[in-house]
Amino acid sequence: MLSFLARRCVGIVSVLVGIVIVTFIIVQLIPGDPARQLTGPEAPPEAIAQARRELGLDRPRLVQFGLYVARLARGDLGVSVLTRRPVLADLLDRYPATVELTIASLVASAIIGIPLGTAAAVGRGRWLDHASRLIALFGMSLPTFWLGLVLQWGAYGELGWLPVGSRAPWSRPGEALLHMVLPTITLSTVTLALLMRITRSAMLETLPQAFITTARSKGLSEWRVIGVHALRNAGPVIFTVIGLRLGTLFGGAVLTETVFSWPGVGLYAVQAVESKDFPAIMGFTLTLALLYTLVNLVVDISYGWLDPRMSQQEAA
Amino acid sequence: MRLLRRYGLAAPAALVLFLLLVIAAVPSLFVSADPFGTNLRARLMPPGADFLFGTDEFGRDLLSRVVYGARYSLVAGLGTVALAMLLGGALGLVAGLGGRRVDAVIMRVVDVFLAFPYLALAIAIGAILGRSLENAVVALAIAWWPQYARLMRGQVIAVRGSEFVEAARSTGASARRVALRHVLPNCFSPVLVKATLDVGYAILAVAGLSFLGLGVSPPTPEWGALIGSGRNYMLRAWWYLFFPGLAIFVTVMACNLIGDGVRDWFDPHMERGQ
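Those sequence lines, one after another, are chains A and B.
Each residue of the first sequence is one higher than the one before, starting from 1344 at the first, in our numbering.
Each residue of the second sequence is one higher than the one before, starting from 869 at the first, in our numbering.
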């Protein structure tokens, strides 16, 4: 188990170094002179030259890379052109909204997707199974941003049931929850479809196994057999998919946040794209990659812990 | 009916996709109205006899715009997958055959790229390259190729030790000939299956980037961009964003069904519908 952990952590370090290198290369490709952007278009040449020196732009590339790493290590992601604030501070303000929406959609997908997938596997070939395939197909084929807009039009514009978007403070919990309904549905479709399919195939593999027959022959109720014994066996696979989706959802939230004016990092990035605010865009991409890597590491480790067979296989 | 039983929904889906390809190739066969022709007296008209899908804020016929838009979405979706497959496939082949050091370097790079959520990476690259459909395709392909590299390398490693490759080597075939004539053809089908399954995703991703303003420039009637501009009139003119989205949905669903069909066809062991 320990060597498994150690190897994973070493692998992560090389990936983290790679992420920093890739973002550095992308930053190099940004059109325009960062010194000029910092000083403004009408700055005298001396001021621009000084800014270049301060940013280290007159040094060799390798030294620039060292400076870049040093800045990152201090948590310095640069200053946003749009908000004139440190990018890290901006991102820290906005991550809670993104995390909140992501977790809500993951929970919603799990609550609906896992039972539906289980029911589809149990009643294989019957109408519920077919219906679940149809739902999955729809979920994978819908453009989520379009779904979000159509939901807004229907639930807000035509029916007036739900607020159109943006986030409400948690000091008014009822309102905050209402504001979350539509964005959560929108962000959940793909994850729900995926979870349902994975649960179904994991359960199809589990149900014919001997220990299920044993559990039945002990006289346990069907609910217990399926809900406890079988589902626990399928658990690690489902858990992995949930974990991996968490990272993808952070990225996918960009579209949902834009549609609903949800004040998370995705909306921040889109606004940054519109105003060519490159420090903000790079800060978004970099922090998201770090977060994604971290989540994957945690999923990996807990997978070994949830399913002891895995880490034993690794060790062997 | 026999086709339906044999290939499931993939058969009608293929028909739909074929129709979409024809529409993309010769849109003028299907609509007569000019997709760029403005008519200020017919602004934001609801769907009706004159305008089946309604009109936009400049009085342009939306049916015509959606029909002409098919080519952008289809070409961009196919282009993204083709580019990612070529780049990733080539690097995967090199990694699998190129010895331990080359393999280690390429796979490190793959791991790093996979560490980025692909949409986040595509947004950063797209923002730097600037607004155009070609750039959106390139940005997505750069974010996407590692998946193909990994798959291709796995296949190559499975095939490279087999007897027919040994036989080709022992007859004195060059490394290049072994790679292209003997290894590659035997690795290609899983990669191709993945590519078919990915076309739908790619169309969605391109439309998404375009919706965010990283695709075509107005007045090009690409579907994602149409939804983006229709959003401004959402509460007054639902049809503006509804029909382009429906077009994306139908196209992607057809691609997904065909992808499932192709996968089942290549892999008969796989249980239907799993």
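Ideal Cβ placement from N, Cα and C applies to all residues, glycine included.
Residue-chain proximity (residue i, chain A), Cβ-Cβ < 7 Å
i               : result
residue 1066(B) : no
residue 913(B)  : no
residue 970(B)  : no
residue 1021(B) : no
residue 1177(B) : Because chain B in this structure spans residues 869 to 1142, residue 1177(B) falls outside the shown range and cannot be described.
residue 1063(B) : no
residue 996(B)  : yes
residue 1107(B) : no
residue 1075(B) : yes
residue 1113(B) : yes
residue 1099(B) : yes
residue 888(B)  : no
residue 1102(B) : yes
residue 810(B)  : Because chain B in this structure spans residues 869 to 1142, residue 810(B) falls outside the shown range and cannot be described.
residue 907(B)  : no
residue 1095(B) : yes
residue 1025(B) : no
residue 1116(B) : yes
residue 1124(B) : yes
residue 921(B)  : no
residue 1080(B) : yes
Collapsed DSSP secondary structure at residue i in the structure displayed
i               : result
residue 1422(A) : strand
residue 906(B)  : coil
residue 923(B)  : strand
residue 1429(A) : strand
residue 979(B)  : helix
residue 1035(B) : helix
residue 1620(A) : coil
residue 918(B)  : coil
residue 1140(B) : Only weak support is given to the placement of residue 1140(B): the predicted model assigns it a pLDDT of 45, under 50, and the question is left unresolved by the model.
residue 879(B)  : helix
CB contact check: residue i to chain B, cutoff 7 Å
i               : result
residue 1624(A) : yes
residue 1483(A) : yes
residue 1486(A) : yes
residue 1489(A) : yes
residue 1646(A) : no
residue 1566(A) : no
residue 1496(A) : yes
residue 1500(A) : yes
residue 1594(A) : yes
residue 1373(A) : yes
residue 1632(A) : yes
residue 1454(A) : no
residue 1616(A) : yes
residue 1438(A) : no
residue 1457(A) : no
residue 1326(A) : In this structure chain A extends from 1344 to 1659, so residue 1326(A) is not present and cannot be described.
residue 1555(A) : no
residue 1663(A) : Here chain A has residues from 1344 to 1659 only, and residue 1663(A) is not among them.
residue 1591(A) : yes
residue 1569(A) : no
Closer than 6 Å: residue i CB and nearest the ligand NAD heavy atom
i               : result
residue 1016(B) : This structure simply doesn't include the ligand NAD, nor any ligand for that matter.
Okay, do the region 978-986 of chain B and the region 916-924 of chain B touch, 3+ Cβ pairs below 8 Å being the bar? The answer is no - the region 916-924 of chain B does not touch the region 978-986 of chain B, with fewer than three Cβ pairs under 8 Å.
Taking contact to mean at least 3 C-beta pairs separated by less than 8 Å, is the region 1593-1604 of chain A in contact with the region 1575-1584 of chain A? Between the region 1593-1604 of chain A and the region 1575-1584 of chain A there are fewer than three C-beta pairs closer than 8 Å, too few to call the two in contact.
With a threshold of 8 Å, are at least 3 pairs of Cβ atoms found where one atom belongs to the region 880-891 of chain B and the other to the region 1115-1123 of chain B? Taking 8 Å as the limit for Cβ pairs, the verdict is that the region 1115-1123 of chain B does touch the region 880-891 of chain B.
Contiguous alpha helix (DSSP H) assignments of at least 4 residues, all confined to the region 1357-1408 of chain A: 1377-1382, 1388-1398
What residues from the region 1346-1367 of chain A come within 7 Å of chain B, judged by C-beta to C-beta, listed N to C? 1357, 1358, 1361, 1362, 1365
Could you run through the region 973-991 of chain B and flag, in chain order, every residue whose CB is less than 8 Å away from some CB of chain A? 976, 977, 979, 980, 981, 983, 984, 985, 986, 987, 988, 989, 991
Just checking, does the region 1057-1068 of chain B make contact with the region 1007-1020 of chain B on the three C-beta pairs under 8 Å criterion? Contact between the region 1057-1068 of chain B and the region 1007-1020 of chain B is present, because at least three Cβ pairs lie under 8 Å.
Would you call the region 1610-1620 of chain A and the region 887-902 of chain B in contact, with 3 or more CB pairs under 8 Å? The answer is no - the region 887-902 of chain B does not touch the region 1610-1620 of chain A, with fewer than three Cβ pairs under 8 Å.
Decide yes or no for the touch test of the region 933-950 of chain B against the region 1089-1105 of chain B: beta carbon pairs closer than 8 Å, at least 3 of them. yes
With a floor of 4 residues, list each alpha helix (DSSP H) that falls wholly inside the region 999-1079 of chain B, ordered by position along the chain. Listed in chain order, the complete alpha helix (DSSP H) runs (minimum 4 residues) inside the region 999-1079 of chain B are 1001-1028, 1031-1038, 1052-1079.
The region 1527-1546 of chain A touching the region 1499-1510 of chain A, judged by at least three CB pairs closer than 8 Å: no
Whole beta strand (DSSP E) runs in the region 1508-1587 of chain A with 3 or more residues, listed along the chain? Taken in chain order, the whole beta strand (DSSP E) runs of length 3 or more contained in the region 1508-1587 of chain A number zero.
Can we say the region 968-977 of chain B touches the region 991-1001 of chain B, given the rule of at least three CB pairs closer than 8 Å? Three or more beta-carbon pairs separated by less than 8 Å are not found between the region 968-977 of chain B and the region 991-1001 of chain B, which leaves the two stretches without contact.
Three or more C-beta pairs under 8 Å: does that hold for the region 1624-1642 of chain A against the region 987-996 of chain B? Counting C-beta pairs with one atom in each stretch, the region 1624-1642 of chain A and the region 987-996 of chain B have three or more that are closer than 8 Å, which means they touch.
Would you check if the region 1512-1522 of chain A and the region 1411-1429 of chain A touch, i.e. whether three or more CB-CB distances between them fall below 8 Å? no
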